[in-house]
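Be aware that the sequence shown starts at 1242, since it is given in my numbering, and climbs by one per residue.
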Amino acid sequence: MKSIKPNFLYITTLFLIINSCNNSKRNLYPEELVGGFNLLPAEQTGIDFNNKINETTYFNHYYYSQIYVGSGVAIGDINNDGLSDVFFGGNQVNDRLYLNKGNFQFEDITKKSKVAINPGWTWGVTMADVNADGYLDIYVSRNGTSDKPKDRKNLLYINNQDLTFTESAQRYGLADVGFSTQAVFFDMDNDGDLDMYQVNQLADKKLLLINKIPRSQFKYFRDRLYRNENGRYRDVSEEVGISRDVAYGLSVNASDFNNDGWMDLYVANDYAEPDFMYYNNGDGTFTNVINEKLKHITQLSMGSDTGDINNDGLIDLITTDMTPEDHYRSKTNMASMSTEAFNTMVEAGAHYQYMANTLQINTGLGTFSDIGNMAGMAYTDWSWASLLVDLDNDGLKDILVSNGIKKDVDNNDYRNKVRDLSKTATAEDLFKLSKETPSQAVSNYAFKNKGNFKFEKVAKNWGFDTPSFSNGMAYGDLDNDGDLDVVTNNIDAPAFIYENKANGNFLKIKIVGDGNNKFGIGAKAKIYHNGGVQIAENTVTRGFISSVEPDLFFGLGKDTEVERVEVTWPNGKVNIFEDVEANETITANISDAKSVNLSKENKKTLFKEVDSKSIGLDFEHKENEFDDWQEQILLPHRLSQNGPFTATADVNGDGLEDIFIGGAKDQSGILYTQTIEGKFLLNVSQPWKEDSISEDLGSLFFDADGDGDKDLYIASGGNEFQVGNNAFRDRLYINDGSGVFTKNLNALPNIKQSSQCVKAADVDGDGDLDLFVGTRLIPGKYTFPATSYLLLNDQGNFKKADTEIAPELENIGMVTDAVFTDVDGDKDEDLIVVGEWMQIKLFRNENGKYIDKSDDYNLNDTRGIWWSITASDLDGDGDDDYIIGNLGKNNKFKASEEHPFKVYTNDFDNNGTNDVVLAKFYKNDYVPVRGRECTSEQMPYVAEKFEDYHSFASSKLIDILPEDKVDDAVVYEIKSFESIILINEDGEFIMKSLPSEGQISPIKSSLVMDVNNDGYNDIITVGNHYGVEVETTRYDAGFGALFLGDGKNNFEFMPATESGVYIPSDSRNINVVENPNGNLFVVANNNDKLKLLKN
1242 MKSIKPNFLY ITTLFLIINS CNNSKRNLYP EELVGGFNLL PAEQTGIDFN NKINETTYFN
1302 HYYYSQIYVG SGVAIGDINN DGLSDVFFGG NQVNDRLYLN KGNFQFEDIT KKSKVAINPG
1362 WTWGVTMADV NADGYLDIYV SRNGTSDKPK DRKNLLYINN QDLTFTESAQ RYGLADVGFS
1422 TQAVFFDMDN DGDLDMYQVN QLADKKLLLI NKIPRSQFKY FRDRLYRNEN GRYRDVSEEV
1482 GISRDVAYGL SVNASDFNND GWMDLYVAND YAEPDFMYYN NGDGTFTNVI NEKLKHITQL
1542 SMGSDTGDIN NDGLIDLITT DMTPEDHYRS KTNMASMSTE AFNTMVEAGA HYQYMANTLQ
1602 INTGLGTFSD IGNMAGMAYT DWSWASLLVD LDNDGLKDIL VSNGIKKDVD NNDYRNKVRD
1662 LSKTATAEDL FKLSKETPSQ AVSNYAFKNK GNFKFEKVAK NWGFDTPSFS NGMAYGDLDN
1722 DGDLDVVTNN IDAPAFIYEN KANGNFLKIK IVGDGNNKFG IGAKAKIYHN GGVQIAENTV
1782 TRGFISSVEP DLFFGLGKDT EVERVEVTWP NGKVNIFEDV EANETITANI SDAKSVNLSK
1842 ENKKTLFKEV DSKSIGLDFE HKENEFDDWQ EQILLPHRLS QNGPFTATAD VNGDGLEDIF
1902 IGGAKDQSGI LYTQTIEGKF LLNVSQPWKE DSISEDLGSL FFDADGDGDK DLYIASGGNE
1962 FQVGNNAFRD RLYINDGSGV FTKNLNALPN IKQSSQCVKA ADVDGDGDLD LFVGTRLIPG
2022 KYTFPATSYL LLNDQGNFKK ADTEIAPELE NIGMVTDAVF TDVDGDKDED LIVVGEWMQI
2082 KLFRNENGKY IDKSDDYNLN DTRGIWWSIT ASDLDGDGDD DYIIGNLGKN NKFKASEEHP
2142 FKVYTNDFDN NGTNDVVLAK FYKNDYVPVR GRECTSEQMP YVAEKFEDYH SFASSKLIDI
2202 LPEDKVDDAV VYEIKSFESI ILINEDGEFI MKSLPSEGQI SPIKSSLVMD VNNDGYNDII
2262 TVGNHYGVEV ETTRYDAGFG ALFLGDGKNN FEFMPATESG VYIPSDSRNI NVVENPNGNL
2322 FVVANNNDKL KLLKN
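Put into structure tokens, the structure is as follows:
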């Protein structure tokens, strides 16, 4: 970073303001950082607001399904006295406004302020200076049960600057009459004033049935965008490109996702309509890019927020759904997802939607990767608000989630009662049943950000775990002591006022705008301290139907100084501050901002993408359709989509490397030969076309017949056939030396199994190349161990090695990859084999026999979902080290040393099919991962044995599965899903985890090379696995990764914006082809085109 010296003209003078009730600074030198809250009683604060819901015969969730959505809370200083005040929205109760008197004492000024003169069903509340007079106004979004538009008219309370307000929505053009959720005020066109996006909804589905709302009102149900034109707002929704479809929108955020200086929008929609992600085109229009920028989204989207959770200077995104973390609640309250409905939505363009929270990390290229499962926050029950905010002042944004539904209306046993109701049931019968609906207050969630995508649940430790039905939630420094306090709006309980007790240092930035945006909404700040960077945006509508305190706040931990602060305004001008002391408030005034070029030079990336078609590599893998779940309903993921793979060699003796890419079932693989110009042509000889019924998986060029050229072995795999089918027979094609290949029908034994990998070495020391063939699976028998084998070369013909050569290959498991390698330095080739639900297996070559020595190398406790292994000398000490790709940590199947993840497979119900039961630890025992409905589809006896969801959810796994069948079941357990490096130190292995960025997805393939020419080996990985069952979020967060090595077995992730490694596909294999124009890196992707990179 270029140094800026003090006293340059464009440096803004520091104006320090200390806003403290007791006029005392916090300790600059805390010994230990602590976080936590005190829940203050109403008797102390004076805030006694309670959003109480009174149900009656004709007003309950049978008549209004959104009765328990609750209302919001807004925090802001309405009288500019330096103390933030609090406004609560009410449903049946009136909205309330509390004036902050200092020291957490508030006065209810609702009546005299005249903000509750219009009773109605309030949802969203936000504070914004709508009339640009320097005072915060209050905007209220109305919903409810009325079919009369005038009853739903949104309200705008204009601040009269004397603690009174005048309702003026009509005057300003903001009296929206839709079923409104929330509004966000932002500058859509960078013209210096505030525009507004209003989230509206389709009328509640039960209102539509009961009231028969006329179609003439449907126009009010759509979201609207209002442009500020000289102080009055005009509806420009039809002109700006926002969706005109109706949806059940629940939250909205304005944020600059792609860092182009224009505010974008994210709208979270409930039910089937996908969320909207509107990128600002910079010309007054927006484009919905949700399908292009996010790999998947939440299905029942509730709250949302934006912020930088990993301090890389990029804005990330969080959304919440409603799936419980607790096993019992999830199995009683959640319905199974329909595969048919899921696929129909995807085919209709409604994206991949999962019932899980997301934490979308910005790649820096305008796209995002969800790490919600890895962060441990994907399931937080019926969640509403989600906030990204630094609560313990350590410089990392934590996560808050408000939680709870007043009545568990989706409880499956309760729903069965409802289905059993007579058609003649009266309103009184429904009301009685409504009162019997299960109800359980639950804790809100707090997650402490520990860095590197790691979060810790701390609600209990932080005193944030009081059970409640919390909805709207907001934060602000209510006592001006340098940390952020939290307020929640609760149903049928007093509001929570949490005093923050963090002791870390902080920096506040007061944002002073001008003209028509005096609070500087849309300004963003970057601060640089202690080698790190933080970024924040001055937008207040966040979370769920609420708004937070304006201005910007940064936790600093123990840092006592901020080296540099950059505040960038929507007009592009900048305030710069240097050497700012911690625990102060600085003021950034737009009038002092200067035109400063902060843009960094576009550094050349290490890799650049090559257009595959431009050089002749026009192959596109086209996966065949196959239902892996037809017999094994509980299978966790597809087994029929494991290709394609590639193999490289000079097949025609011209000194140039050529490449073979395998095809799917019913698709031929293709061999391309390279030209002197570095382009590729289809090879004339393609005999494998005749074998396109087989699915090509692993392939290998090697000299099978000792004639000095490269022949081709192709492993036939997949899950579409039964063992013994001819399509499973591997194939060997003999090269005549000129690139003309002929299939040798007799060279391989008549083995017809689903294989995946083939590796070559001189196993028996006779001077020719023998083969290891890894069998991937036994179709219809998931987890049952398959037998892999060695093939010994006898003058170009191969025979299966006798069992005593490698006895432990018998029933070794579901092999995915293997490598011949000299582990012990004795100059012969040992063998390491990995696979799904397998331990890492090491077979040492002892005089031509392969003996399992895994335990000697401390590999006995390494079972995982291993996808790949690569051997290379990572540290330059002369021996092979190993990169081994696992499932990764970004999955819902949590595993640990104390509580491994398990699988049980057998024909538990004696119907001739293999039953797969995944199991997790819960309350001192193991329980099934899948629910009663899908489990009973696989094993019908389950529904008979457990007549309701309660009994199933209350049962341990040993109570569900037949004891005699468990005794002879295949049972495996996994303690870690981390991808790792095995460092070979004098014949002993040291295991290291790959960095966090290497854990966000399965690693299907890796490659080692010094890509930055510093003399040290680096690692490139590719992965993902899209083919999962619909209740599991697909593994799509990976986009390839480059890890730079330092020669000491330390590897650091290089962002895609710097490396150029960006492969957001369902990748299976990476290979390198020597090319006259430099190394060409070829990534083969499932059901997709090739991705080519050049270094």
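C-beta atoms are modelled at their ideal positions from N, C-alpha and C, and glycine is treated no differently.
{"Query": "Confirm the yes/no value for this check: CB of Tyr1398, any heavy atom of the ligand ATP, distance under 8 Å.", "Result": "Annotation note on the ligand ATP: not contained in the displayed structure, which lists no ligands."}
{"Query": "Run through the DSSP bridge pairs and tell me what Met1368 is partnered with.", "Result": "Ile1379"}
{"Query": "Which same chain residues end up closer than 8 Å to Asp1326 when comparing Cβ atoms and leaving out the 5 residues on each side of it in sequence?", "Result": "Ile1316, Gly1317, Asp1318, Ile1319, Asn1320, Leu1338, Tyr1339, Leu1340, Asn1341, Phe1347"}
{"Query": "For Val2263, tell me which candidate among Phe2322, Asn2225, Ser2234, Asp2227 has the shortest Cα-Cα distance.", "Result": "Phe2322"}
{"Query": "For the 8 Å Cβ check, are there 3 or more pairs between the region 1829–1840 and the region 2301–2310?", "Result": "no"}
{"Query": "Apply the 10 Å Cβ neighbour rule to Gln1915 and answer buried if 16 or more other Cβ atoms are within range, or exposed otherwise.", "Result": "buried"}
{"Query": "Suppose the cutoff is 8 Å on Cβ atoms and the five residues either side in sequence are ignored; what does the same chain contact list for Gln2337 look like?", "Result": "Look at the range of the chain in this structure, 1242 to 2336, and you will see that residue 2337 is not part of it."}
{"Query": "Confirm, please, whether the CB-CB distance from Leu1281 to Phe1345 is below 9 Å.", "Result": "yes"}
{"Query": "Which partner residues does Val1683 have in the DSSP bridge list?", "Result": "Ser1709"}
{"Query": "Tell me whether the beta-carbon of Val2060 lies closer than 9 Å to the beta-carbon of Lys2000.", "Result": "yes"}
{"Query": "Taking the CB atoms as reference points, tell me whether Tyr1620 and Asn1598 lie closer together than 9 Å.", "Result": "yes"}
{"Query": "Which residues bound the beta strand (DSSP E) around Asp1505?", "Result": "1505–1511"}
{"Query": "Closer than 8 Å by C-beta to Phe2329: which residues in its own chain qualify, once you throw out the five before and the five after it? Chain order, please.", "Result": "The sequence as given places Asp at residue 2329; Phe does not occur at that position. So the qualifying residues of the chain are Glu1861, His1862, Ser2306, Asp2307."}
{"Query": "Buried or exposed for Ala1589, going by 16 or more other Cβ atoms inside 10 Å?", "Result": "exposed"}
{"Query": "Do you know offhand how far Ala2027's Cα is from Leu1637's?", "Result": "47 Å"}
{"Query": "Could you have a look at Gln1333 and say whether DSSP puts it in helix, strand or coil?", "Result": "coil"}
{"Query": "Which of the three DSSP states, helix, strand or coil, is assigned to Ser2140?", "Result": "A quick correction: the sequence has His, not Ser, at residue 2140. Of the three classes helix, strand and coil, the one that applies to His2140 here is coil, per DSSP."}
{"Query": "Can you round the beta-carbon distance between Gly1996 and Gly2015 to whole angstroms, since I take them to be within the 8 Å contact cut?", "Result": "According to the sequence shown, residue 1996 is Ser rather than Gly. Rounded, the Cβ-Cβ distance is 6 Å, consistent with contact."}
{"Query": "State buried or exposed for Lys2130, treating a residue as buried only when at least 16 other CB atoms are found within 10 Å of its CB.", "Result": "buried"}
{"Query": "Could you tell me the distance, in whole angstroms, from the CA atom of Leu1541 to the CA atom of Gly1894?", "Result": "59 Å"}
{"Query": "Could you tell me which residues DSSP puts in a beta bridge with Cys1998?", "Result": "Gly2015"}
{"Query": "Going by DSSP, which residues form a beta bridge with Met1429?", "Result": "DSSP output for Met1429 lists no bridge partner at all."}
{"Query": "Looking only at its own chain, which residues have a Cβ that is under 7 Å from the Cβ of Gly1605, when we skip the five neighbours before and after it?", "Result": "Leu1555, Pro2296, Ala2297, Thr2298"}
{"Query": "Please classify Val2302: does DSSP put it in a helix, a strand, or coil?", "Result": "coil"}
{"Query": "Considering just the uninterrupted stretch of the alpha helix (DSSP H) at Ala1668, what are its terminal residues?", "Result": "1668–1676"}
{"Query": "For Val1981, which residues in the same chain have their Cβ closer than 8 Å to its Cβ, ignoring the five residues on either side in sequence?", "Result": "Val1925, Ser1926"}
{"Query": "Quick check on the burial criterion: 16 or more other C-beta atoms within 10 angstroms. Buried or exposed for Leu1270?", "Result": "The sequence as given places Tyr at residue 1270; Leu does not occur at that position. Counting Cβ neighbours within 10 Å, Tyr1270 comes out exposed, since fewer than 16 surround it."}
{"Query": "Would DSSP call Asp2097 helix, strand or coil?", "Result": "helix"}
{"Query": "Does Gln2179 come out as helix, strand or coil in the three-state DSSP assignment?", "Result": "helix"}
{"Query": "For the beta strand (DSSP E) containing Thr1826, list its first residue and its last residue.", "Result": "1825–1830"}
{"Query": "Buried or exposed: which applies to Gln1594, given that a residue is buried once 16 or more other Cβ atoms fall within 10 Å of its Cβ?", "Result": "buried"}
{"Query": "Tell me whether the beta-carbon of Thr2111 lies closer than 9 Å to the beta-carbon of Leu2248.", "Result": "yes"}
{"Query": "Answer with yes or no whether the minimum CB distance from Gly1331 to chain C is below 9 Å.", "Result": "As a matter of chain content, chain C is missing from the structure shown, which is built from one protein chain."}
{"Query": "What number of angstroms, rounded off, separates the C-alpha of Asn2318 from the C-alpha of Ala2210?", "Result": "55 Å"}
{"Query": "Under a three-way DSSP split, which group does Asn1653 fall into?", "Result": "helix"}
{"Query": "Quick check on the DSSP output: the beta strand (DSSP E) that includes Arg1468 runs from which residue to which?", "Result": "1465–1470"}
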